[in-house]
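Sequences listed follow chains X and V, in order.
In terms of the UniProt record's numbering, the first sequence has 306 at position 306, counting the first letter as 1, and numbering is strictly consecutive.
In terms of the UniProt record's numbering, the second sequence has 182 at position 182, counting the first letter as 1, and numbering is strictly consecutive.
All remarks here apply to the structure that follows.
Protein chains: 2
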Amino acid sequence: MKEFTIIDSFFTKQNCQRKDVILPIGDDCAITQVPAGQQLAITTDTLVSGVHFPQDSSPEAIAHKSLAVSLSDLAAMGAEPAWINLSLSMPTGDPDWLARFSATLLAQCEYYSVQLIGGDTVQGPLVITITAHGFVPEKQAITRKGGKPGDLLYVTGCVGDAGLGLAIALDKHQAAAGNASYLRKRLDFPTPRVLAGNNLRRIASACIDISDGLLVDLQHILQGSGVGALLQLEHLPLSAELLAEVGQQQAIDLALTSGDDYELLFSVPQEQVTNLERSMLQCNVPVTCIGQLTGQTGKIQLQWNKQAYQLQRRGYQHFALEESVE
Amino acid sequence: MKEFTIIDSFFTKQNCQRKDVILPIGDDCAITQVPAGQQLAITTDTLVSGVHFPQDSSPEAIAHKSLAVSLSDLAAMGAEPAWINLSLSMPTGDPDWLARFSATLLAQCEYYSVQLIGGDTVQGPLVITITAHGFVPEKQAITRKGGKPGDLLYVTGCVGDAGLGLAIALDKHQAAAGNASYLRKRLDFPTPRVLAGNNLRRIASACIDISDGLLVDLQHILQGSGVGALLQLEHLPLSAELLAEVGQQQAIDLALTSGDDYELLFSVPQEQVTNLERSMLQCNVPVTCIGQLTGQTGKIQLQWNKQAYQLQRRGYQHFALEESVE
């Protein structure tokens, strides 16, 4: 028990001290203040060793990813990150591991102006849960429900990288050193698209982050908005590293079916396209139009240069960390 | 993965639908609204099977306790519960276990007018994390810092029961059937003192919930407030069941050193005592004055009928669930 009280000391030295945190870590609860005119976006994500990250992941990677997946959810709502609560269950209070984990977590918190306001450290299997809180102006949250037929469908960054990164982590793909480093980094150190998400308020009609795979996550928008989608796969943004390793066809399959990319997938009414382009240029986030929403509720049409495209359902898309767990 | 999507369906049928939840479960984040004039109290607690509850605990007990420990933290700040996020990691998606766990959790949520607004269900060892959110009027949160020498020290309900309940759960104490049932219930189904906590605003000068044991938790108030305490142990509220099982001396030791009672321990300025008594009578919560804060920072004096009392440091106080874990 004492050991786990000591653990807490690793999380007390924070550079980010927000004015809206009235009472920080150290009492039964934190006390916070939501600014007038703002609503509160709240999300919880749990990462289990061997399920959501490889068991040999570095403490830096685990800390980075734990925070990134929660901030990515805030980004997908257009919310600005504010506070997090951390639950850390770990078998032993290894001080080296804790120093590395907490240094990365708090550095990332500082980068995003996020304050750690509470949590719990307990003895148990390695499981990390973060509940993240963010602000979004009233009625400006971007849900999955606002997409309309005709809206253009966009994605930030590149897709498919984390899927091949996982295959590399599981020794199921041998990659050239430079590519392996890039792809594994995309798996272990995803970038939550916080700035992009904030700038999509009043521009995007619907938004989600790609955690389970582009097609699966697109279906959530289709169900939420009661629409269908046409994807023009020749426009899919694929990294040079991914293409160099597996070629175009497998790259497309990975981009469509593998998860963990944490890019934003969003729809934009045509009259907002100029605003979108200006806004994304301003925040320096690459976005690509990959298709359009349609009136065929729940249906996804895949096209390659206007011809129907058959998903191969082979290649790497069946890799999943879950398979490596008993 | 699909299995764990199905799990979510166990948590969707909620009777509690709050107006301050703008967007409930089902998107990347929940969107909520904190009422004007209110601050937000936030707390996270994690319970690991075999560490925080016996491995043979019923799903009802696990659900009840998971929520109770978080609501108890809100109560200790004087906050009114509003929303929770649930992270549930479990080895298999056993539908019977889930039905029982979710039924208890949601029934308790309804009882306290709490809405489940999000969370994560993942495959992994049995670990439950709840982040609870509550409201407290601006500047009325009860912290650990406001105690002053001369303030009277109170506790709600009885103390020590859960400690003996744990000894029973671990087969280290054989109790008469009726006593065993009561004591085990105090361990497995603690009552968070929500109503009492809310009514202590502007009456109590400092407050904490007893989770780690009366002396340990009292030290947090002493450190926070820069005071000491004198305990008059003849006033300690001990249940008839506890006294019947272990006698007065061991009962006192348990009351002072064993945790998990989730009663509130709080200090009250003498001029507020009348208000306190009226208020606690109104909300029907028994409270007992067990001593007084002193000017001797960090020092706890134990007295029995004005004579110095020597804590036995034997008996049941060394029992801890942690010992039963590898």
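C-beta atoms are modelled at their ideal positions from N, C-alpha and C, and glycine is treated no differently.
Please name the residue or residues paired with Val155(X) in a DSSP beta bridge. Leu265(X) and Thr288(X)
Same chain, Cβ closer than 6 Å to Ser70(V), neighbours up to 5 away in sequence not counted: Thr43, Asp45, Ile130 and Ala132
Using a Cβ-Cβ distance cut-off of 8 Å, determine whether Gly118(X) contacts chain V. yes
Specify, as a first and last residue, the run of the beta strand (DSSP E) that Cys207(X) falls within. Ala206 to Asp209
Counting only C-beta atoms, is Cys158(V) closer than 8 Å to chain X at any point? no
Is the distance from the Cβ of Phe135(V) to the Cβ of Pro35(V) below 8 Å? yes
Inter-stretch contact (C-beta, 8 Å, three-pair minimum) for the stretch 209–224 of chain V and the stretch 93–103 of chain V: The stretch 209–224 of chain V makes no contact with the stretch 93–103 of chain V; the number of CB pairs closer than 8 Å stays below 3.
Using only CA atoms, which one of Asp151(V), Ile252(V), Pro59(V) and Pro192(V) lies nearest to Ala240(V)? Ile252(V)
Flag Gln17(V) as yes if its beta-carbon sits less than 8 Å from any beta-carbon of chain X, otherwise no. Output row for Gln17(V): interface = no.
Cutoff 6 Å; reference Tyr182(V); Cβ partners in own chain excluding five residues on either side: The beta carbon of Tyr182(V) sits closer than 6 Å to those of Glu241, all from its chain and outside the five residues before and after it, given in chain order.
Taking buried to mean at least 16 other C-beta atoms within 10 Å of its own C-beta, is Glu110(V) buried or exposed? exposed
Among Leu256(V), Pro59(V), Gln39(V) and Cys29(V), which one has its Cα closest to the Cα of Met77(V)? Gln39(V)
Within 8 Å of any Cβ in chain X, is that where the Cβ of Gln39(V) sits? yes
Which residues in chain B sit within 9 Å of Ala76(X), going by Cβ to Cβ distance? Absent here is chain B; the protein component of the structure consists of chains X and V.
Chain-ordered neighbours of Pro125(X) on chain V, where CB pairs are closer than 8 Å: Val48, Gly124, Pro125 and Val127
I think Asp151(V) touches Gln303(V), with their Cβ atoms under 8 Å apart; what is that distance to the nearest whole Å? Contact annotation, Asp151(V) with Gln303(V): C-beta distance approximately 17 Å; criterion of less than 8 Å not satisfied.
Determine the DSSP secondary structure at Val273(X), reduced to helix, strand or coil. Annotated three-state conformation of Val273(X) is helix, per DSSP.
Partners in chain V for Ile42(X), counting only beta-carbon separations shorter than 9 Å: Neighbours of Ile42(X) on chain V, chain order: Cys29, Ala30, Ile31, Thr32, Trp83, Asn85, Ile117, Gly118, Thr131 and His133.
Of all the CB atoms in chain X, is at least one closer than 8 Å to the CB of Ile6(V)? Not a single CB atom of chain X sits nearer than 8 Å to the CB of Ile6(V).
Determine, using beta carbons only, whether Ile208(V) comes closer than 8 Å to chain X. yes
Do Ala162(X) and Ser258(X) have their CB atoms nearer than 8 Å? yes
Can you tell me whether DSSP reads Glu80(X) as helix, strand or coil? Strand.
Please report the straight-line C-alpha distance between Asp20(V) and Leu243(X), rounded to a whole angstrom. 48 Å
By the 7 Å beta-carbon criterion, what residues does the UniProt domain "PurM-like C-terminal" (148–297) of chain V contribute toward chain X? Ile208 and Asp209
C-alpha distance - Gly146(X) paired with Gly298(V), whole-angstrom precision: 58 Å
Going by DSSP, which residues form a beta bridge with residue 333(X)? What the structure shows of chain X is the stretch from 1 to 326, and residue 333(X) is not part of that stretch, so it cannot be assessed.
Do Ile300(V) and Gly228(V) come within 8 Å of each other at the CB atom, strictly closer than that value? yes
Taking Ala68(X) and Thr191(X) to be in contact with their CB atoms under 8 Å, please state how far apart those CB atoms are, rounded to whole angstroms. Confirmed, Cβ separation roughly 7 Å.
Drop a sphere of 10 angstroms on the beta-carbon of Gln115(V), count the other beta-carbons inside from all chains shown, and report buried for 16 or more, exposed for fewer. By the neighbour-count criterion, in which a residue is buried when 16 or more other Cβ atoms sit within 10 angstroms of its Cβ, Gln115(V) is buried.
Since Ala204(X) contacts Val268(X) with CB under 8 Å, what's their CB separation in whole angstroms? About 6 Å separates the two Cβ atoms, so the contact holds.
Kindly list, in the order they appear in chain X, the residues whose Cβ is closer than 7 Å to that of Ile22(V). In chain order: Gln39.
State the DSSP-derived secondary structure class of His220(V), mapped to helix, strand or coil. helix
Rounded Cβ spacing between Val194(X) and Val122(V) (contact assumed at less than 8 Å): Their Cβ separation, rounded to whole angstroms, is 24 Å, which puts Val194(X) and Val122(V) out of contact at 8 Å.
List the residues of chain X whose Cβ lies closer than 9 Å to the Cβ of Thr92(V), in chain order. Correct list: empty, because the minimum Cβ distance to chain X is about 12 Å.
DSSP three-state assignment for Val34(V), whether helix, strand or coil: Residue state, collapsed to three classes: coil.
Beta-carbon neighbours of Ala61(V), restricted to chain X and to distances below 9 Å: Residues of chain X passing the Cβ test: none, with the nearest at roughly 18 Å.
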